Structures are given as structure tokens and as C-alpha cells.
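Protein chains in written order, with full-length UniProt numbering: chain A, 1 to 691; chain B, 1 to 691.
Even for Gly, the Cβ is constructed at its ideal location relative to N, Cα and C.
These numbers were taken from a predicted model, which means no experiment stands behind them.
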């Protein structure tokens, strides 16, 4: 495709040699170039982020960059980025190069290249970025118009040798002034006229016709990125310009090179070349051939850089995760709120089968702030069902689950802000001794702080009573609350309704404000996990036999319930009414919000059975005598705080008495009411969840 | 509770000292005892697995063990094993000991103790085994009847000093004979009469009344487990027997001890004791007090051994896993076939989001033989959704998924037999060059071998066409086959029906045998993943853009589909008709097998939607023009083997032509039939599953 790049190393001083050019080399992380400034190193063409057009200016082929930087002579170019590797390889490279060369030819003929010499050097870049593997396939071309016949080299000398010593001083001064003025510093093509008194003047190409004077030495100068004995690539199109526009035959060129910021007469070259008027060169329609695809290890093949190995694994993991989520948003969920997901703080009460899977699912959805609460240690039987642990976590008595889980989450995704809190959840009906009271009071206040500092709470423990205090705290603080509970082959996943005073001002504790918690649509607020119960939570763990301590649930249940819990949570985050949204039912014709929410319906409760391979959605409203979320309980808690909690913890019947459940049960017993309980077809051991 | 155990160290030769006894020590991993056989070490009472009654003999208090072992003198005992630690501590230890002592008292009074002296030494063991933490709480008691007033020690001498040298020979010989006869070796209580000619004779206690003769020295002998200067614990009840049964006042005892298997006159003791007739000792109703709870570091507390730390973690993990599964069987699923689960060999095609979760679920159900097939490497975006990988697996280009997954499974459960096979699945419509042909042929035969050597195959890849070859191989080999496939927010889980020749003899390939594959009930066989399709699988991966290469499914989908796939698989294993079972539908009143299968219904297909939080079961029968499982295809494959496969791989329309789908599509197009396709309301990208 390109036959004329430097094929022999430069030996430039004899006559009748074809003028050769050292190709441009690309440097693909940063389109600028500068004159060569090192005797051993040629300058690359650098492509930087700012080289690319900004969004606002997306149509312009020239980026809106600041001009005048002496080390950044702009080079316009075109980037073709393909969507697939196949498309990358299938690009018609010959015609792409011709297209770019046409622009140069056009600019020479319209005179634009004389007005703004920067357009003489162009680049073309084709690329495919495999953002999954962090490998970038690319191929640069620096289109150069081919003179036919080629120019002949008459003489090539060091500038220091070619110029008289007076001229050396004068040319140096003129060049340094040109390079130091912000108006001309990045103008890479120019000409120098040296008067008979050796005074050198540098001028813009557009001044060529005006500044012809006899008896003057005239050299065409250009910033030469090359350090070798042959001139650099930019000279090629400069020759084409000079030949076709001004029809000169014998030309002197100054290959301008620098050292330490000043013109370097030792490395700069003065070249005399003969241009044989090419056939048809003045014919605007007859575009000369172009060459310029960059070689890769002497072969015409594309380059590939794999950044994965050199990148920080954590940053790679973050990019990979973001990529996945952004693709999901792009392809399927334009309204996916990744910022909200990455900033929402989730508190998981329980780091067992459910807790492990919920944490994993949250991370997969882009949640980055996760706190796990558990006071247990990893037992030998855990890793098979609790997906964050391995056998290593079980040795020497077992690590604390909360800490091991947080560590495991970081091994999966190091940028997650995962914390483990080793603590017990105080439970109603588990009386405490005076000695234990201080630690229970501490646990209550620690749990209060945790709920307060998080946006959403997942209740994932193995007993009913351990869900009571977090349910109450969430109802009082009005946090998004999701419960998942398992039976042997059935599960329940639900979101708790807003708290009884959720629409009221924070500190109000009037019992009469119950109605304020109706949803925006005026509906009754949704119930919590305890709203359907007619018994207060009490100690269910004492005297548990081994089989009662261990998981007796079908293994498939926990991943299903955990996944649904997180999907429900993400739905809440994306629903216009958030946690106030009414409960939808599968196949309900219209959703509560009018327009269809992006993630689908928003059920209140999802119950599923592996026995029947079935799943159903239910709605249950809040109960006025709920032991965890009714206004009586929440306002009593707000009034008395820890004193109230200690009462509930120490006196098994306190909550039932307070809420009127005691009375209710008595009347129920005397009338033998047939309870219309939605949970009828469910196992009693709904909450028999692995520890 | 017990006040009389040795409180001062033995100084036994002065008169008027209360006779003291060295308590028995228990050794709790192996109820036997033997005479002391080491001068520095007393023998323990050993409790072995064979000490416990066998199931067949569960009612007997004496185990059905072989008698006559000289080092295993049986000691009857009672083991109380509680279900909870609370129950262990709450046991009434005083009355338990009294109860056991009553048995001894009863045996003394009925004469049973004279007939079978082994019942004089009894033990009582209370225990609680925490099999989750591998800690064992236990407390031994060796009930001893307390003489009141206690016996007085007159004299204690080494046997070598007490006997005359002639008697030493004679007694040694008699004792050694007694110990060497299998009839008497394990009879720990006896008496020795020494005639005036120093001839010693040993006799059973039952011979006492018959063998009284004047002028004879008589000593009561017993196997003494103790090596100290005081006699061992068994002497206590022996004293009670002698005192209450024969009313003797002054008695000589031989504390029989051994060295290297022979009587040791140096360590054996002869003790003279005076028994003051206890008040009421002859009154059968008045049971004397009993002592005997073993001390733990000089305190009356129970012992606890924690085996976890000293056990091999792998064995612990196996026990823990077994415990979990056995508890599940015991509590909820008596018909759970753990042997079948642990021996079934599962082949997972695909080790991505689905493969990882399916492998985890299989392990949780007790499946121990898992092979994963995948040719990909772990990418940075994988660990967040593919639950067997961590960031470490992504470094340096990423490990092969199949191998990393197998390694990860072992970290979770080291006893799993997990293997990874790095290989590509040959796919129809992906033409191969001549060069590639060999490796494709190899892959086909490797996959054939893998399917052949496994019992069940899970299809968990991300393209339709990669499921074709395994589906065909499974249909031909009649393997249990489960498919899981994901859309953006919907999934399909299904079991393939049996192959078209499944009821026929292995080598038959007649096309007319289609009918043989009807299920036992005479129904049509269930369809495979391709039965509903009217296009043959073809290359869907070429020119995939980045978003098409990456997972675009809601994160919750894969764990749900994977869990359901494994639950469905376990249901098949437990269904009386196995893979031949007809397809059930949720809420179908009666199951196909008549009696309700233990794990619930056996659907053919389960489709679920996260958008609607819904799930439904469907039945689809096999198609006569299915490109993967119809008799035409399977018999063609059986006839031509690899030649057939290469045709299908290289010619995109070959399968459609073969099965008549081409014709069908043409007629469909000309008539514009409205396809009654069950998949209508499903996304087209059903099988867009993460790699």
C-alpha cells in the first residue's frame, strides 16, 4: 500500500538520490507534534483526550483546543472507531487513506494549507476498543501525497555547516522568536529569507507571493519531529504544496530541530532538493497517490495494546462493573439510576444464606455501600449454602461472619465499601439479667445508629424475634425495609410499608397522626412483617435441638428469595413513589403510578413455593395492633426510648398488652373465630432460616 | 454429692484407717476395663462404639458383644444423650446416679451379681453432642454403694510380700489360667482359696457357699484397674456385695494387677479390711447412698471435648455437609436419597453466571461429582455475577473458567470431585476450515465421552447453537438434560424429554421407533430446548458488539433460574418415573405418578419474569422436525457420526433441510400461518446468557 517509506538508512549528502522521509510514529495514548528536541529521539505524533472534539463541538473535525502551545502543533485527523473487531478488520483502509489524502490535496489547491499550514499534516486512526478485555486494536496512517517522479536529493548538510556563522546567529534568533511567540509557536510550516547582510526573517507561507525579493536566500522551514539524517514525514506534503502551488524546481529546506528549547544548528538540516514537475500535479482533479499506514514491527498490520495487565486490578474491576451496568442501561433500562445505586447505603441484618446472596446481588446491581450485621461465626456446614464463605473461614473455630463476609465482598469487587458489624440483635421476650443489661442497651443504640446511617435495611435473620427491633427502628426512621424469610420449601419476600408517622414531621409522636402515613394516592399504608401476626415475637431459640439450629430449607430457596428481595429493592429505588408506592399484583392491568415503571410491577409481598414451582404476589395493609410498626408502638418507643425497649425485651407479654393483641386473642378464643389469615397455606416455620 | 473419694494420697499399711478407693477414670472415645497393666498408669473405663447396643438389640441394656476378651471386661451402663445443652445441664444427676446404684443393689440382692459379677461395676454417662460445632459435653459416673460405717483398712501389702513364695507361684499360675481361659478372662470378680499345701484355686463367686472349707486361706480377688497404693473403684461394690450377701466381717482382697500380660506380684496388693455390719444393709428396701460422679480437674463439673480443631478440615466439612442433608431428610424429606445424590455425575456445559450457581446448588444438595465445561477465561466483569470467581481469578489475562470454577468448588467443599474441561462446544452453522476440522472432530468426540460418562447434563451456555450438540448427544444417550436460559428480565428452565429411541435397544436406529419413547403412561415424550423452534441453530456470535457480548440480564435472574434448574433436577432423581415423568402444571390436582412425589410437582418448563414477579409452568411435547432431538436427526447422527456433525456444522441449512423445517417454513410463509408458539410473550433474546 505504501512503497516509499524509508527503506535504506539515510546517507543523504550525495546527489541524484531520491529524497527519503522518515515516517511519523504514533503514540497512542495522548494529535499533536513538536519539533525534534533530542538528538537520539524523534518526536511522536501524540493523540490526547483533548485531541478529540468535545461533545458540544462534536461536528467539528478540529477540536476546540487552545492554540499557541509550542510543543503542541495541532494535527487534524479522523478517528474511525468500530463496534466489533470484525468491522475493524473489514475497514477499507485504502479508500480511507485516499479520503484523508484528498482533504490535504483539496487544502493545497484551495490555498487553505497556505493560510493554515497545520492542515498539511493529517492523521487517520482506526480503532476497536474491547472494553471487556481492556485491549485496544488500532492503526494510524499519516497520509502523504506521493510525488511522481519523486524529488531528488541534491545536498543534505547540518545547518551549522550550511549557514555562514553570521547566518547561524541570525537564523537562530529568528527561529527562536518564531517559536516563542504564541501567535507562531505552533505554526509548523514557514519560510526563511536571508538578506545579503545575513539578516534572517521568518514568514508565514501566505506571505510567499508578497515577499519575493531577489538576492535573498530562501529556505522553506518546517518543524521536523525526526532526529535522523533524513528529513521527517511532514516534508512530504510540504513538497507537494510547493511543487503544485508555486511550481518551484530547486528548493532548500530547513528541517528545524531543537535542543533544550532552542534551535539546534547541529541537528537541524538544510536540504536541497530538485522537484521534477509531476505530470498533472496542477490538475486539481488528479489526486496523487497517497501512502502512510504505519508499520508495526516492519509489517503492515494493526497494533494492539492490552492495558489490562498494566492497570490496577481494582480500577479495572470498577470499570468492568461500570461497563456492565452502563450496557444494561443502554440496551434495556435507559432510566437505570446508577448514581443512586452506587450511593445508596444498605444495611443487611444477618450474614447467613440470605445475607450472603443479598450482598452479592446488591453488588451486581451497582450498590457499593454495604454493611452486614451478624454475631455468629462461620461453621463447617455454612460454605455450602452461604455463598461468601469458604472452608478457610471455618478453621480455628471460624471467623465472625460479618467480618468474613465483608472481606469476601472485597475479594469479589475491591471497590465495594463493605463493613461487618459483629453484634447481637436484642430481641423481645429474651429477658436479660442486670449484668447483661448494659450490653443490650449498647446493642440497641448501636443498631439505632446503624439504621439511622443507612438508607435501606434488609431483614435476613433466622428468627422472627430478631426482626422486631430493626422493623421498629425502620418504621420510626422511615427506611426502606425488605424482609426475606424461608420455610422448608416456601419463601416470603416483602417490602415493609412506610412508618406510621412517615408523612409527619420527624419529632411528632401523636397517636392521631396514623392517617398521615397513607400513601400519596390516599391508600392505606402497607404492612410490615409483623402486621399479620396475632402474637408478639418471643424467644424461639431456647432449647432448640440440632435440627432446629440448622438449615432445613431446600437449597434453591435462599438464592431465589435473596434475588427477589434485591430486585424488589431496585424497583423501589426506581419507582416514582419509592417506598410509598402501593402494592401491585402480578397481571394487574395498570400500575399504581399510572405510567409503567421501568423495572416492572412493585408488589408488596412475593410468596413462592418450590413444591409447586409457583410464585404469587400479595398485598397486606398495616395493622393498627402490629407489635412492630403501629403508631402506638412507634410513638411509645419515641417517647420512652431504651426504657420501652427493655420492657419489650424483658416482658414477653408487654407488646401484646400494649397493642391490644392480648384482648384480641382472648376474644378470638372465646368466639372461635376463623382467622382469615393470608398466611394460611404457609408453613409455620416461615422464618426458619439458617443462622 | 460424693464425699468419700480419695482425699488423701494412699498410705495404706497402718490399721484403723478408713479403706479408700481410687476412682475410675473414664476415657471417652472408646464400656470396658481391664486390670492395671502398667506400674505408673491406671486403666480407664473405655467406652467404644461397640459398647453401645446395636439397632437390632436396642432394648437390651447389655450390648451384644463378643465375650472372652481378657482386656475387655464388660461394664454395663446407661447413656443419657440429650437433644439440647440446656437439657444436659438440667438433668437430675443425683437421682440418675441413685437409679443406677439401685440396679447394683438389686443385683446384689437377687444374686445376679453373684451369677455375673460384671454387673457390679456400672457406669452412667450423660452427654450432649453439638454436631454442628463438633463439641461433646459429657459426664461419667461410676456408681458406688457407700458402706456406713466405712470399711477399715487393717493391712495393705504387696502380694509378693503377703504370699509365701510357694503361694506366689501357685496363685500366679491360677490367676494366669483364669485370665487365659476365654470362659473366665473377662470375669472381674472371683475368690481364691489356697489349700494348706499352698495350692491356689480360683472360683466364681457363685461357688462361694459350696466351696467353703476350713483351713484354707480365702481371698476375694478382682481386676484392679488402678496402679496406686489404694485399691481401685470396683472394690467398693464388691465390699457391699460381700458385706450384705455373706455378712463377712474380716476380709482379704487380692487387687489383681498385671505386667506384660501376666500377674504382677509386685504391683498386685493384698488388703485386709474390717467390715462393720452396716445398719440396715440387709434390708433390701434401704438402698445405701451412692457416690461416683467423675471429677473434672478436681471439680464436679462436666467435661467437654471439642474435636473440631483436631480434626481434618475436609472430614469435618464432609460431616457437616452430611449432617445438614441428613437433618433435611429427617425433618422434612424421609425419602431423600442421599446416596443417589452423592453418586450422580453432573456435567455442566458453561461455567458462567448460570454454571457457577448451578454448581453451588448441586453441592448444597449433596451432589459430589461435578464436571464443568467452558473455554473462556475469567474476565474482570465476571466475579460480580459469577459466584465462583474472585478478582484474583481475573489477573494476568484471567484463569480458564472451567479450572477456576473447579478450584473454587473445592475451596468451598474440599471433598467434591470437581473437574474443569477447557474446551469449545462445536456449533452448527459455524463452518470450520480444513485446518480447524481436526480440533472440531476432537471436541465432538471429547464432548461425546463427557456426556457418556455423566448421568445428567446441564445446558448453561450463552448461545442457542452451543446447546445443540449436547442436546443431540443427550437425546441419543438418553441422559437427564436440564436447560436454563436467560432474557433481560425473563428466564426459561426446562428438562428435556427422553430421547426418541430411549425405550429401544441401544443400537437400534430405525426411524419407525419414535413411538417407543412415549412415557410409561403412554403420553407423548416431552420436548427439548429446540422442539419449539422453526429455525435451526446457526452462528449468532459473529459481529457481536460489546453490549451483545456482555451480560444484559437483571442480576437476580441467573440465581433464580439456576436454583430452579437444580431443584427440578433433584425432583427428577426422586420421581418414581424419573426423566420419563410427564410434565406437571402448577395447581394440577393430581400428579402424573398417582401418589404425590416427595419434592412436589415435576413441571416440564418453568418460565419466569422479574418484570411481573411471576412464574409459570408449561408443557411442550417433542416435535417430529426438531433439529436436535427428533428421530430423523438422532438416527442420522447414529448412522453417520462425525460426518453428520460436520455437515451440520458447515452447512447452515443442512438441519432444516433434513428435518423438513425448510419446507415447513416455506409453506408457513406462503400461508401466513399464525404460529401458535408458546414462546410468543417471551423475549427473542431468551438465550442471551452471560458467557
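Taking a Cβ-Cβ threshold of 7 Å, the residues of chain A close to residue 414(B) are 391, in chain order.
Beta-bridge partners assigned by DSSP to residue 217(B): 194(B).
Taking 8 Å as the threshold, the shortest C-beta distance from residue 600(B) to chain A falls below it.
Residue pairing of residue 607(B) in beta bridges, as defined by DSSP: 492(B), 616(B).
In the DSSP assignment, residue 276(A) falls outside any beta strand (DSSP E) and carries neither an H nor an E. Using a Cβ distance threshold of 8 Å, residue 293(B) and residue 97(B) count as a contacting pair. Assignment of beta-bridge partners to residue 242(B) by DSSP yields no partner. Contact between residue 354(A) and residue 562(A) is confirmed by a C-beta separation of about 5 Å, below the 8 Å threshold. One alpha carbon belongs to residue 348(A), the other to residue 375(A), and they sit about 13 Å apart. Close to residue 566(B), with beta-carbon spacing below 8 Å, are these residues of chain A in chain order: 555, 556. Only residues of its own chain outside the window of five on either side were considered, and among them 423, 424, 425, 426 have a CB closer than 8 Å to the CB of residue 443(A), listed in chain order. Shown in chain order are the members of the region 608-642 of chain A whose Cβ falls below 9 Å from a Cβ of chain B: 608, 609, 610, 611, 612, 613, 614, 615, 616, 617. The region 214-227 of chain A and the region 247-267 of chain A touch, with no fewer than 3 CB-CB distances between them shorter than 8 Å. At a cut-off of 8 Å between beta carbons, residue 92(A) makes no contact with chain B. Pairwise C-beta distances place the region 360-369 of chain B in contact with the region 379-388 of chain A, as three or more of them are shorter than 8 Å. For the options 138(B), 461(B), 617(B), 553(B), the alpha carbon positioned closest to that of residue 331(A) is the one of 553(B).
With respect to the 8 Å criterion, residue 575(A) and residue 603(A) are not classified as neighbours on the basis of their beta carbons.
Under the rule that a run must span 3 or more residues, the beta strand (DSSP E) segments found entirely inside the region 407-488 of chain A read 417-421, 456-459, 480-486. Sequence-distant partners of residue 321(B) (beyond 5 residues in either direction) whose C-beta falls short of 6 Å from its own C-beta are missing from its chain.
What residue 383(B) touches in chain A, judged by beta-carbon distance under 7 Å, is 412, 413, going in chain order. Between residue 340(A) and residue 573(A), the CB-CB gap stays under 8 Å.
Excluding sequence positions up to five before and after residue 333(A), its CB lies within less than 8 Å of the CB of 598, 599, all in the same chain and listed in chain order.
Relative to residue 116(B), the option among 177(B), 162(B), 203(B) whose CA is nearest is 203(B). Just so you know, the alpha carbons of residue 627(B) and residue 586(B) end up roughly 29 Å apart. Its chain contains 82, 85, 88, 137 as the residues whose beta carbon lies nearer than 6 Å to that of residue 128(B), once the 5 sequence neighbours on both sides are disregarded; these appear in chain order. Taking 4 residues as the minimum length, the alpha helix (DSSP H) runs contained wholly in the region 165-212 of chain A are 165-180, in order along the chain. With a threshold of 8 Å between beta carbons, residue 586(A) makes contact with chain B.
Exclusion of the five residues before and after residue 105(B) leaves 287 as the residues of its chain whose Cβ lies within less than 6 Å of its Cβ.
Among the CB atoms of chain B, none fall inside 8 Å of the CB of residue 21(A).
In this chain, the beta strand (DSSP E) harbouring residue 143(A) covers 135-145. Residue state for residue 397(A) is assigned as helix, using DSSP reduced to three classes. DSSP places residue 130(A) inside the beta strand (DSSP E), whose first and last residues are 123-130. In the three-state DSSP reduction, residue 69(B) falls in the coil class, being neither helix nor strand. Collapsing the DSSP output to three states places residue 76(A) in coil.
CA-to-CA, the gap between residue 152(B) and residue 244(B) works out to about 16 Å.
Inter-segment contact for the region 432-442 of chain A and the region 412-419 of chain A is absent: fewer than three beta-carbon pairs are separated by less than 8 Å.
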